[in-house]
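For the sequence shown, full-length UniProt numbering begins at 1 and goes up steadily by one.
All C-beta atoms in this analysis are idealised placements derived from N, C-alpha and C, irrespective of residue type, glycine included.
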Amino acid sequence: MAIVAAVGWMPADGIATAYTGDCAVAARWTTAIHLLINLLSSLLLGASNYCMQRLVAPTRKEIDSAHAQKKWLDIGVPSVRNLTLISKARMALWVLLVLSSVPLHFLYNSVVFETLAANDVDFLVVAPEFFTVKHSWSPLMFNSTGDNYITRLQETVLDDKYLDRSVFENITGAECLQRYSASFITGGGTVFAVPVPDFLAMRGMNASDSLSWATSGSGEIVSEVDYSYCLSQIVPSKCQVQFSLTILYVVIASNILKILVMILILWRLNQETVVTVGDAIKSFLQLPDTTTEDCCLMSRRNVDRVWKVPAVRSSQRFQPKHRESWFGACSTRRWIVSLFSYAVVITLAGWLYSLAAIQGEEYGRNGFGRVNVNYLIDVFLPGGQTSIIPYVLLANLPQAVISFLYLTYNGLFTCMLANREWSQYSVKRATLRVTLPSGTQRSTYFLQLPYSFSVPLLLASVLLHWFVSQSIFLARVAVYKDGTLVTMADRLGMYKHLSKSGNGVFSGVGYSNTALVASIVWGSVLVATCLLVAGICTYPKGLPIGGTNSAVISAACHVKYEDEAVEKGGEDIAKRPLKWGVTIAGGREQIGHCCFSSDEVEDPKVGFLYAGARVRAKDA
């Protein structure tokens, strides 16, 4: 794309033009390309998030080191907690991935943009005689040279020139008002509007009376008159689909850097880190961790109390009070940070909409991504007179915020679903899902989540990013007068919130109240969906919740049987279908044991002891 843009589209001032023509076609192309960009950026964000998760996944050595200090690590989920305990090399790669994402979030959506071609037109209200009777015009209040100018305009229609269908288009009064009352006029040039006969008679209009003369952008287009028809000058549309080569090069460089880092992560770190819940179970079955022995009922909620206080271990009874909701899978801190972030952003968006609603009451709703003179942000940005970059950064700031929120949203679902996989081992026998499967073991999901969740989450992210990109966007307007580019603001009121940024094109930041509503509603739906899923879905009774906690996983992987001769090596067990349950019967006073096993296991009984230092029969 960069080569085509640089060579084939003859860029000027770093801007390459891919299409020039009909504004509706340009708008459709821009919309389609932005949807594609948002799909690609969401895929890239998901892949980057997965690789960042791989980087913070601890090695077994790092887990053992943390456990020796009675510190647990996150397994199978995005984690900031693990950052301080992983190697400096992996931390550097993690930071590099984050930094490579910054230009993408701020620039990606503005690689391609539409430059609207607006026509600076004259709107003349005339009698029918204007087209046939030449007149010597008296000076008009609108322009000191108005007499000569109007004479030149009349000469374009005299001598039956107005009948030339290649030059003028005869449109109805309703079409005339719709076309020429737009904030930016893209569908015609100079117009001669003829009022209905009653109005002509009432005003005594004739060839020498031009009732009104106004220019686009001045706010003086006469709309209260009932027109019989209009002669609209046909001018070619010059709306453009353009690329910023500067932004394109930065995006390409960032993508190359990100892809190289991701390749390094996927190829070189496969065998080093404990990425999934299955990886952790496999590791602890093969090499049990002595620090979590006799804690098989330890859960995420009581890990600090049970793990750090040896006296508590001997009194661990199986006492599931209810089927715990998915809320319990994520830490309170994760929920607070995520929900607070969502609330702040939605509230801020609502406040911005309330400000936009004031405009809406006067000017109506503005469509998705439409450049409208009444919906431009009044802001001066340093460097905006010579470059579009300042406006691009402002327009894409919400994209960076949405990307951060997506990471927290994805983290919540990853945590809840990892615990769902964990809890299922107490219900049905299954093989482990690991990074490098062998035998009957299963491979991990693409981007870590089951497809029934990852695909809807991806589509939801694409849609939200697109809504936001249509809510606040780069606005570029090129204004033409009689086919010539206007390079000075002159008397055009439409420029009040735009800055000339080269080649006579005016740039700024536009917004759409309609797209803003869609963004708020869709964002609220996603938050409500997350809360609904977390509140309605429950985990089966059995395995203590904590499938993303390294200490909890370790505690469930101490393989013990009543008959010590039956105890098998973890290497063999890890390759077989496993189920968690009772391997040594417990009682109200007798301590049993629960763990993963490839043999038949029983469900634990409520009130029975299953954890603690057992007194074996031969020691009694």
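Span of the alpha helix (DSSP H), counted from its first residue to its last, around residue i
i	result
Tyr249	Leu245 to Arg268
Ser398	A small correction: the amino acid at residue 398 is Pro; Ser does not occupy that position in the sequence shown. Here the alpha helix (DSSP H) through Pro398 covers Ile389 to Gln424.
Ile553	Ser550 to Ala555
Gln286	Val277 to Gln286
Trp105	The sequence as given places His at residue 105; Trp does not occur at that position. First-last of the alpha helix (DSSP H) with His105: Lys88 to Leu107.
Arg305	Val303 to Lys308
Integer-rounded CB distance, given that residue j should sit under 8 angstroms from residue i
i	j	result
Ser469	His34	6 angstroms
Val337	Thr408	7 angstroms
Ala16	Ser325	About 53 angstroms; that fails the 8 angstroms criterion.
Arg429	Pro577	4 angstroms
Thr514	Gly367	6 angstroms
Val251	Leu104	6 angstroms
Tyr50	Phe123	So it is not a contact: roughly 58 angstroms between Cβ atoms.
Cys176	Asp22	Contact doesn't hold; Cβ gap of about 20 angstroms is too wide.
Lys258	Ser454	That pair is no contact at about 20 angstroms.
Asp289	His593	Not quite, the Cβ-Cβ distance comes to about 16 angstroms (not below 8 angstroms), so this is no contact.
Val312	Arg305	6 angstroms
Own chain partners of residue i with C-beta closer than 6 angstroms, once the 5 adjacent residues on each side are dropped
i	result
Leu393	Phe106
Ser443	Pro437
Tyr162	Phe131, Phe168 and Leu231
Asp490	At Asp490, the pLDDT of 48 sits below 50, so the modelled position is not reliable; the number obtained from the coordinates is stated separately. Once the five neighbours on either side are set aside, Asp490 has no close Cβ partner at all.
Ser423	Tyr539, Pro540 and Leu543
Ser519	Phe467, Val468 and Ser471
The beta strand (DSSP E) enclosing residue i, as first and last residue numbers
i	result
Ile584	Lys579 to Ile584
Asp64	It is not in any beta strand (DSSP E) - Asp64 instead sits in the alpha helix (DSSP H) that spans Arg60 to Ala68.
Leu609	Leu609 to Ala611
Ile171	Phe168 to Thr172
From the options, residue whose alpha carbon lies closest to that of residue i
i	options	result
Tyr353	Cys415, Cys594, Leu516 and Asp378	Leu516
Leu45	Pro197, Tyr108 and Ala329	Tyr108
Val309	Lys321, Thr291 and Phe199	Thr291
Leu158	Phe130, Ser181 and Phe184	Phe130
Val261	Ala329, Gln154, Arg54 and Cys537	Arg54
Glu600	Gln178, Phe284, Lys579 and Thr172	Lys579
Leu24	Tyr50, Leu40, Leu43 and Thr115	Note on identity: in this sequence residue 24 is Ala, with Leu being the wrong assignment. Taking only the C-alpha atoms, the option nearest Ala24 is Thr115.
Val371	Ser512, Leu405 and Tyr406	Ser512
Cys415	Gly439, Cys330 and Asp378	Cys330
His558	Leu200, Leu264, Cys296 and Glu155	Cys296
Ala349	Lys88, Ile472 and Gln441	Ile472
Phe243	Asp294, Ala18 and Phe608	Ala18
Ile63	Ala395, Leu43 and Thr84	Thr84
Leu464	Asn170, Ala26 and Ser42	Ser42
Lys70	Ser554, Tyr610, Gly586 and Ala611	Ser554
Gly383	Glu272, Ala68 and Tyr391	Tyr391
Val191	Thr30, Ala127 and Phe113	Ala127
Arg334	Gln178, Cys537, Leu405 and Thr156	Leu405
Thr484	Ala201, Trp29, Gln154 and Ser237	Ser237
Gly189	Ile86, Gly14, Asn170 and Ser79	Asn170
Residues near residue i in its chain [Cβ-Cβ closer than 7 angstroms; skip 5 each side]
i	result
Val7	Below a pLDDT of 50, predicted positions are generally treated as unreliable, and Val7, at 48, falls in that range; no measurement from the model is reported.
Ala565	Because the pLDDT at Ala565 is just 49, under 50, the model does not fix this residue reliably, and the value given afterwards should be weighed accordingly. If we look at Ala565 and ignore the five residues flanking it on each side, it has no Cβ neighbours.
Asn82	Val56, Pro58, Leu73 and Asp74
Arg300	Ile545, Gly546, Asn549 and Val552
Ser144	Confidence in Ser144 is poor, its pLDDT being 44 and thus under 50, which makes the residue's placement unreliable; the coordinate value appears in the next sentence. Within the same chain, Ser144 has no close Cβ partners at all.
Cutoff 8 angstroms; reference residue i; Cβ partners in own chain excluding five residues on either side
i	result
Arg466	First, the amino acid is wrong: residue 466 is Trp here, not Arg. Hits under 8 angstroms: His34, Leu35 and Asn38.
Met494	Confidence in Met494 is poor, its pLDDT being 49 and thus under 50, which makes the residue's placement unreliable; the coordinate value appears in the next sentence. Closer than 8 angstroms at Cβ, skipping near neighbours: Ala118, Ser183, Phe184, Ser216, Gly217, Val373, Val477 and Val479.
Asp603	Ser426, Gly542, Gly581 and Val582
Cys530	Tyr409, Leu412 and Phe413
residue 656	Since the displayed the chain opens at 1 and closes at 620, residue 656 lies outside it and no answer follows.
Counterpart residues of residue i in DSSP-defined beta bridges
i	result
Ala475	Gly508
His593	Ile584
Pro195	Tyr227
Arg433	Arg442
Tyr19	Val241
Tyr480	Asn119 and Leu485
Leu376	Gly510
Phe340	In the DSSP output, where bridge partners are listed per residue, Phe340 has none listed.
Glu129	Its beta-bridge partners do not exist; DSSP assigns none.
Asp74	Asn549
Glu175	None, per the DSSP bridge assignment.
Glu114	Val241
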